[in-house]
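A.B. asks: In the working numbering, the protein residues as written are 779 to 1220. Note that beta-carbon positions come from the ideal geometry of N, C-alpha and C, so glycine has one too. My structure is below; once you've seen it, I'll send some questions.
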Ligand code: GDP
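This is the structure in structure tokens:
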């Protein structure tokens, strides 16, 4: 995420780092570089000009304290300005109403259906009962897609096959939610390829009828400047309360995240960072700014880990560790927990100082997990329960059975041992330990 922008900003700020003082001359050159980096990242020109002018004014007005270098101070100024640009405060969603109704709007393919399920999953984890309502009457597969996603997260989906009136479906869905005591109703609507009159009229009518507590505009960040233009086009005709930026994990240049708020004056509330249903983050402007500047975002990492982390499971594990009963089956379930936390590369890049090696970590992580799983599956239940049984003969058999080189089998067992030792030192479960480490960076 934002790799090029981060690198270019770092390069720009580096030119200042060697300087003893922030002066009109050295700031001018740095600011010019920053503006170039922003425009390259697809930030709207006017927005880029405004923010760099503000950065310059603020940086020049600051006294360089003995404790910080001009580069550090400047980084802080840039971080503050980027934060301001993205809206300063975290925006929450409005869940008023019995049930609270959330309406999705956006173009086809923007990620509405996926986000509807992600949001349902997120709310369910906060112990809210949720109903998903499929109102995309034009794409026959849309309701089916929502049903499949609903099943994955165990959230009920309301739809009506061959029914062509979105408003009626929504009304019946809400009625059903009331009868079944749901607290939140999420309405997934039809999108079009471009902002067209028919679509706007339909969604407006839907909004007037169901009176949602929250209308969220979902937009694909990968389309760069177009995301901002589409948001503007929508907002001229439909009131919405917040923006959801999806596909920020893709090869995006980041401009949409930076300029959409300044152009539309509506906050970004959530970001989508992958295709999995847990790949959803609340949008914190300050953390995003720090992430763009390579300052890391450990807080998001911890929150995501906390959402997935199972306390009961961790207790069981720590008991097993104390009794020296931690085995390869447990190791396997730890890997599953790590996988649930989403894209490894993303996770690693949230840790300060790690963004540079995130590329490697991403590649190693995903592939290793798969290799480890294959190897573990080639062991007998007895071997999994008692890894010390795995002598060279058995290791060779496992390697052959899994189609992996013997070195991979040895590497897995070495990793397993290291993990046991690490966890024993802390007397806690693996992920819990990782979260503790992460908290230290906060
Ligand atoms: P809709 O037409 O607006 O309902 O869009 P969908 O929810 O069907 O999403 C379109 C495609 O984008 C699907 O293949 C999704 O898996 C994918 N998608 C949605 N959100 C994300 C995201 O945050 N990251 C990535 N990489 N893909 C996403």
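Using only alpha-carbon positions, find the residue among 1159, 829, 1072, 819 that is nearest to residue 1002.
C.D. replies: The residue given as residue 1002 occupies position 224 in the chain shown. Answer by Cα proximity: 819.
A.B. asks: Please confirm whether any heavy atom of the ligand GDP lies closer than 6 angstroms to the CB of residue 892.
C.D. replies: As a position in the chain shown, residue 892 is number 114, starting the count at 1. Checking every heavy atom of the ligand GDP against the Cβ of residue 892, one is found closer than 6 angstroms.
A.B. asks: Counting only runs that start and end within the segment 950-1031, where is the beta strand (DSSP E) found for 3 or more residues in a row?
C.D. replies: 962-967, 992-998, 1020-1024
A.B. asks: Using CA atoms only, rank isn't needed, just tell me which of 885, 897, 802, 786 is closest to residue 1056.
C.D. replies: To locate residue 1056, count along the chain shown from 1; it is residue 278. For the residues 885, 897, 802, 786, the minimum Cα distance to residue 1056 belongs to 897.
A.B. asks: Strictly by DSSP, which residues pair up with residue 911?
C.D. replies: Numbered from 1 along the chain shown, position 133 holds the residue referred to as residue 911. 936, 965, per the DSSP bridge assignment.
A.B. asks: Report the residue from 801, 1060, 809 whose alpha carbon sits nearest the alpha carbon of residue 787.
C.D. replies: As a working note, residue 787 is residue 9 in the chain shown. 809 is the residue among 801, 1060, 809 whose C-alpha sits nearest the C-alpha of residue 787.
A.B. asks: How many Å lie between residue 793 and residue 800 at the Cα?
C.D. replies: Residue 793 sits at position 15 when you count from the first residue of the chain shown. Residue 800 sits at position 22 when you count from the first residue of the chain shown. Straight-line Cα distance between these residues: approximately 11 angstroms.
A.B. asks: Thinking just about the alpha-carbon of each residue, which of 864, 838, 850 is nearest to the one in residue 826?
C.D. replies: Residue mapping note: residue 826 aligns to position 48 of the chain shown, counting from 1. With distances taken between Cα atoms, residue 826 lies closest to 864.
A.B. asks: Buried or exposed for residue 909, going by 16 or more other Cβ atoms inside 10 Å?
C.D. replies: Against the chain shown, residue 909 aligns to sequence position 131. By the neighbour-count criterion, in which a residue is buried when 16 or more other Cβ atoms sit within 10 angstroms of its Cβ, residue 909 is buried.
A.B. asks: What's the gap between the Cα of residue 1094 and the Cα of residue 1060?
C.D. replies: The count along the chain shown starts at 1 and reaches residue 1094 at position 316. The count along the chain shown starts at 1 and reaches residue 1060 at position 282. In a straight line, the C-alpha of residue 1094 is about 31 angstroms away from that of residue 1060.
A.B. asks: Which whole-angstrom value is the C-beta distance of residue 870 and residue 1063, which I expect to be below 8 angstroms?
C.D. replies: Working through the chain shown from its first residue, we reach residue 870 at position 92. Working through the chain shown from its first residue, we reach residue 1063 at position 285. Going by Cβ atoms, the distance from residue 870 to residue 1063 rounds to 13 angstroms, so no, they are not a contact pair.
A.B. asks: According to DSSP, is residue 879 part of a helix, a strand, or is it coil?
C.D. replies: On the chain shown, position 101 is the one that residue 879 refers to. Residue 879 falls in the strand class under three-state DSSP.
A.B. asks: Taking C-beta to C-beta, are residue 1048 and residue 884 nearer than 7 angstroms?
C.D. replies: By one-based count along the chain shown, residue 1048 stands at place 270. By one-based count along the chain shown, residue 884 stands at place 106. No, these two residues do not count as a Cβ contact at 7 angstroms.
A.B. asks: Helix, strand or coil: which one does DSSP assign to residue 1046?
C.D. replies: Position 268 of the chain shown holds residue 1046. Annotated three-state conformation of residue 1046 is strand, per DSSP.
A.B. asks: Should residue 932 go down as buried or exposed, given a rule of 16 or more other Cβ atoms within 10 Å for buried?
C.D. replies: The residue you call residue 932 lines up with position 154 of the chain shown. Exposed.
A.B. asks: Which one of 822, 813, 817 has the shortest CA to CA distance from residue 831?
C.D. replies: Residue mapping note: residue 831 aligns to position 53 of the chain shown, counting from 1. Among 822, 813, 817, the Cα nearest to that of residue 831 is on 813.
A.B. asks: Are three or more beta carbon pairs between the segment 954-963 and the segment 877-892 nearer than 8 angstroms?
C.D. replies: yes
A.B. asks: Taking residue 1043 as the reference, give the member of 836, 1019, 1072, 859 with the closest Cα.
C.D. replies: Counting from 1 along the chain shown, the entry for residue 1043 is found at position 265. The option with the nearest alpha carbon to residue 1043 is 1019.
A.B. asks: Would you say residue 945 and residue 987 are within 7 angstroms of each other, going by their C-beta atoms?
C.D. replies: Translated into the one-based positions of the chain shown, residue 945 becomes position 167. Translated into the one-based positions of the chain shown, residue 987 becomes position 209. Their beta carbons are under 7 angstroms apart, which means residue 945 touches residue 987 by this criterion.
A.B. asks: Taking the CB atoms as reference points, tell me whether residue 1004 and residue 968 lie closer together than 7 angstroms.
C.D. replies: Here residue 1004 refers to the residue found at position 226 when the chain shown is read from its first residue. Here residue 968 refers to the residue found at position 190 when the chain shown is read from its first residue. Going by C-beta atoms, residue 1004 is not nearer than 7 angstroms to residue 968.
A.B. asks: Figure out for me which residue from 1181, 1148, 1072 has the closest Cα to the Cα of residue 781.
C.D. replies: Against the chain shown, residue 781 aligns to sequence position 3. Closest by C-alpha distance to residue 781, out of 1181, 1148, 1072, is 1072.
A.B. asks: Going by DSSP in three states, residue 873 sits in which element: helix, strand or coil?
C.D. replies: Start at 1 with the first residue of the chain shown, and residue 873 comes out as number 95. In the structure shown, residue 873 sits in coil (DSSP, three-state: anything other than H, G, I, E or B).
A.B. asks: How far does the alpha helix (DSSP H) with residue 1057 in it reach, from first residue to last?
C.D. replies: In the chain shown, residue 1057 corresponds to position 279, counting from 1. Here residue 1057 belongs to no alpha helix (DSSP H), and DSSP marks it neither H nor E.
A.B. asks: For residue 850, tell me which candidate among 873, 790, 874, 829 has the shortest Cα-Cα distance.
C.D. replies: The residue labelled residue 850 in the question sits at position 72 within the chain shown. It is 790 whose Cα lies nearest to the Cα of residue 850.
A.B. asks: Can you list, in chain order, the residues of its chain whose CB lies under 7 angstroms from that of residue 1156, leaving out five sequence neighbours each side?
C.D. replies: In the chain shown, residue 1156 corresponds to position 378, counting from 1. Only 1176, 1179, 1180 meet the Cβ criterion.
A.B. asks: Measure the beta-carbon distance from residue 936 to residue 911 and round it to whole angstroms, keeping in mind my assumption that it falls under 8 angstroms.
C.D. replies: Here residue 936 is taken as the residue at index 158 of the chain shown, counted from 1. Here residue 911 is taken as the residue at index 133 of the chain shown, counted from 1. Sure, about 5 angstroms apart at Cβ, within 8 angstroms.
A.B. asks: Figure out for me which residue from 1194, 1008, 1070, 904 has the closest Cα to the Cα of residue 854.
C.D. replies: Within the chain shown, the letter at position 76 stands for residue 854. Of the candidates 1194, 1008, 1070, 904, the one whose C-alpha sits nearest the C-alpha of residue 854 is 1070.
A.B. asks: With respect to 6 angstroms, is the separation between the Cβ of residue 1052 and the closest non-hydrogen atom of the ligand GDP below this value?
C.D. replies: The residue you call residue 1052 lines up with position 274 of the chain shown. Yes; taking the cut-off as 6 angstroms, the Cβ of residue 1052 has a heavy atom of the ligand GDP nearer than that.
A.B. asks: How close, in whole Å, do the beta carbons of residue 1023 and residue 1035 come, if the pair is a contact with beta carbons under 8 angstroms?
C.D. replies: As a first step, residue 1023 is located in the chain shown; it is residue number 245 there, counting from the start. As a first step, residue 1035 is located in the chain shown; it is residue number 257 there, counting from the start. Beta-carbon to beta-carbon, residue 1023 and residue 1035 are separated by about 6 angstroms, close enough to satisfy the 8 angstroms threshold.
A.B. asks: Which residue from 1037, 1174, 1097, 938 puts its Cα closest to that of residue 1184?
C.D. replies: Within the chain shown, residue 1184 is the residue found at index 406, counting from 1. With distances taken between Cα atoms, residue 1184 lies closest to 1174.
A.B. asks: Tell me residue 884's beta-bridge partners as DSSP assigns them.
C.D. replies: Counted from its first residue, the chain shown places residue 884 at position 106. As DSSP reads the structure, residue 884 sits in a beta bridge with 996.
A.B. asks: Measuring from the CB of residue 889, is there a heavy atom of the ligand GDP at a distance below 6 angstroms?
C.D. replies: Against the chain shown, residue 889 aligns to sequence position 111. Yes, the Cβ of residue 889 comes within 6 angstroms of a heavy atom of the ligand GDP.
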